[in-house]
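Encoded as structure tokens, the structure appears first; notes follow it.
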Amino acid sequence: MSNQLANTLVEYIKARITGRSVLNPTTLTENDIDPDVEADINQFLNNESSRQQIINLGIVDYISSTGKSISDPTMKQQIRECFQSNREYIVHELIGYCTSILDRYKRLRKETRQKQIIRGTAISTARNELIDKVNSTTTPPTKYQFTNLSYIKALKQPEDRELLWDEFRQRWNQKHPDSAYNDDGSKKRRPPAVRPVKIKYHDDFSDKLNNYVTFNHDKLLTLEEFARVSSGWPQTSKPIEEWYQTYLDRFHKQPGTFKTIHDRMTPQVIAFKSPYKVSSLKRLHPDLKPIETTTTTYFPLKENLKKYQLHKVARRGTYIIDLVFVGKLCYLFAINVNTRYLFVELMNEVLFNDNATDEEKTLRVSVRDIKTATTFIKTLQKLIRDGMRVMYLQGDGEKAFNSDYAWRFYAAHNITFTEVPRMKVNVYPDFMKNKDDKDTTDPLHGSLGILDRVVRTIRDMAYNMEVKDITPGIMKSLVTQYNESTHGTLSKYAGMDVSPAMVQDDEELEEYICRRICQDNYNIMSQRGFNLDQGTSVKIYNEKDSMSKRRSVIQPGKYYIKGFKNGLYEVVDDKNRSQMVPRYRIDYNV
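Residues in the sequence shown are numbered consecutively from 581, following the numbering used here.
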């Protein structure tokens, strides 16, 4: 009864999330995209209080459907017991449902954009062909002949064909007034007494120049090149030098050959922050004003790391996962948060395996479709067969980790997956951003830092062994050595030399080390200076991004403390944009 009730509750909560009957993500079309539903789903996924509220409303909907009172004690007890035994399953089902709808919305939008690009390209091609037809033909086609042209038949939308038919008639009437079309699209009849005269149209020099510039503005010609290109055009009395100036003018009016810049007057401020430079410029230019800022550029990162950095512990069976590339080989790394025990498995599919000798093996592996959800789950299953007892998984934004297929696997094996928080890196002020620019983010170091460090350790070990390519056999040896060697952090808290393998096999030792780390974290959070009151004005360390240059050691803008949750401070700026930041990356704004 409990499982049946859990499934029933899931369906009612799904309907409450979307504000309608339960949606089937696989049958949604682009006309079904609802921004309000999308906003509600994002609110459900990202806001814990909103999620609980929606779940409660779904439960109320279910109770109402049974005809019983919401305050019925028997009904309350039944649902409470159901939630206690099926909570993780219910939440997994709801998150998977919401993620499926968002993924479907994303794919539909991508397909719509592709259709629009294809449609726009077909219209542009047809328009160019029609311009050429207007210039090169003396007999106007009927509408039937027009609609049977190959580039017109290629247009899928009837309104596009009608649009180009109207454009064609307008261009034709301007170019050939003697054989123009009527308003209804039919050809104008000539007076009976007038015999049609066939006139062969010839482009003059200016027309030739217009056509050339329209279809050849990827490269600007020199005077000599222009003279050579135009040597076969109709004769004209204007010198070639004057025509070249006309060519330059028309060339730079073509789309894509220029950029509009709104040139501002020189700002009346001093661009330096150094008091010495400010005072020297002030003497020369008394009207210039120094930059008004209350935030210093100094940030005590090293001091904060020693004082405020917390150590990570988790529930037993928690692993952090990530994909690591070594050339064209991709490995799935999984490290136990508490024991630091490492599992590594190759993601590439082995196509050929020559086991002739133990010392030298020849492998042929696939280099395509490495990061798919199917490949990830197959590799994760190998790790589980190798002894990885996983209950909780944490990973970054890899699509394979957070796919529908992966969520079904997690639910079937009672695994809880959470995506690690992300931090902003290389933050630029608003005046340096384009309208479509978004802040760059990386997984929060406190979440993936353990795995980042072990990956560096494995690479350093391979370097010390003078290994160029870390093949599966070498990786196995490196991982074994890592797991069996003394670990500094574990040994510090254990009070003796221990290895990840020793802690992995001893639950009491794992629990002892975790208690010591929790005590250390408590001492760090209890010391003076760690706690920041709500509303405190702070500055945030601007984390480096190796792909671009950092302009400021601190993030530009004004920031205030909003709250504290799970070891991280929630910080908002003056535009109410929020981010979760560890204490060591925050300092008082004095």
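Here a beta-carbon is modelled for each residue, glycine too, at the ideal position from N, C-alpha and C. For clarity, every value in this text was computed on a predicted model and none was experimentally measured.
Here R944 is near L931, since their CB atoms are less than 8 Å apart. When C-alpha distances from T598 are compared across N1044, E628, I635, the shortest belongs to I635. About 5 Å separates the CB atoms of Y899 and V970; that is less than 8 Å, so the two are in contact. Bounds of any beta strand (DSSP E) do not take in F1110, whose DSSP letter is neither H nor E.
Distance from the CA of Y1168 to the CA of V1118, rounded to the nearest whole angstrom, comes to 5 Å. Nearest C-alpha to V906 among K1048, E739, P653: K1048. Ranked by Cα distance from D712, the options R751, N728, T606, V1059 are led by R751. Residue burial annotation: H1067 is buried, with at least 16 other C-beta atoms found within 10 angstroms of its C-beta. The shortest C-alpha to C-alpha distance from Y1121 to any of Q658, L885, F624, Y856 is the one to L885. The Cβ atoms of A980 and F956 sit closer than 8 Å to each other. Your pair V1059 and L1070 does not check out as a contact, with CB atoms roughly 16 Å apart and the cut at 8 Å. Classified as buried, N666 has 16 or more neighbouring CB atoms from the shown chains inside 10 Å of its CB. Short of 7 Å from the beta carbon of T919, and not among the five residues preceding or following it, lie these beta carbons of its own chain, in chain order: P1080, V1083, Q1084, E1090. Cβ neighbours of T646 within its own chain (closer than 8 Å, five residues either side excluded): M655. In the three-state DSSP reduction, M1082 falls in the helix class (H, G or I). In this structure the segment 693-706 touches the segment 736-754; the number of beta carbon pairs closer than 8 Å is three or more. Per DSSP, the unbroken beta strand (DSSP E) holding A914 starts and ends at 909-916.
In this chain, Q632 is not harboured by any beta strand (DSSP E); it is covered by the alpha helix (DSSP H) spanning 628-646. Rounded to whole angstroms, L1148 and V893 show a C-alpha spacing of 14 Å.
In this structure, the straight-line span from the alpha carbon of V671 to that of Y990 is close to 12 Å. When C-alpha distances from G1137 are compared across G1143, K1145, Q815, R1157, the shortest belongs to R1157. Per DSSP, the continuous beta strand (DSSP E) segment holding V904 begins and ends at 898-906. Annotated three-state conformation of Q889 is coil, per DSSP. Per the Cβ contact rule, the segment 820-831 is in contact with the segment 803-812 (3 or more Cβ pairs under 8 Å). L912 places its beta carbon 8 Å or farther from that of E929.
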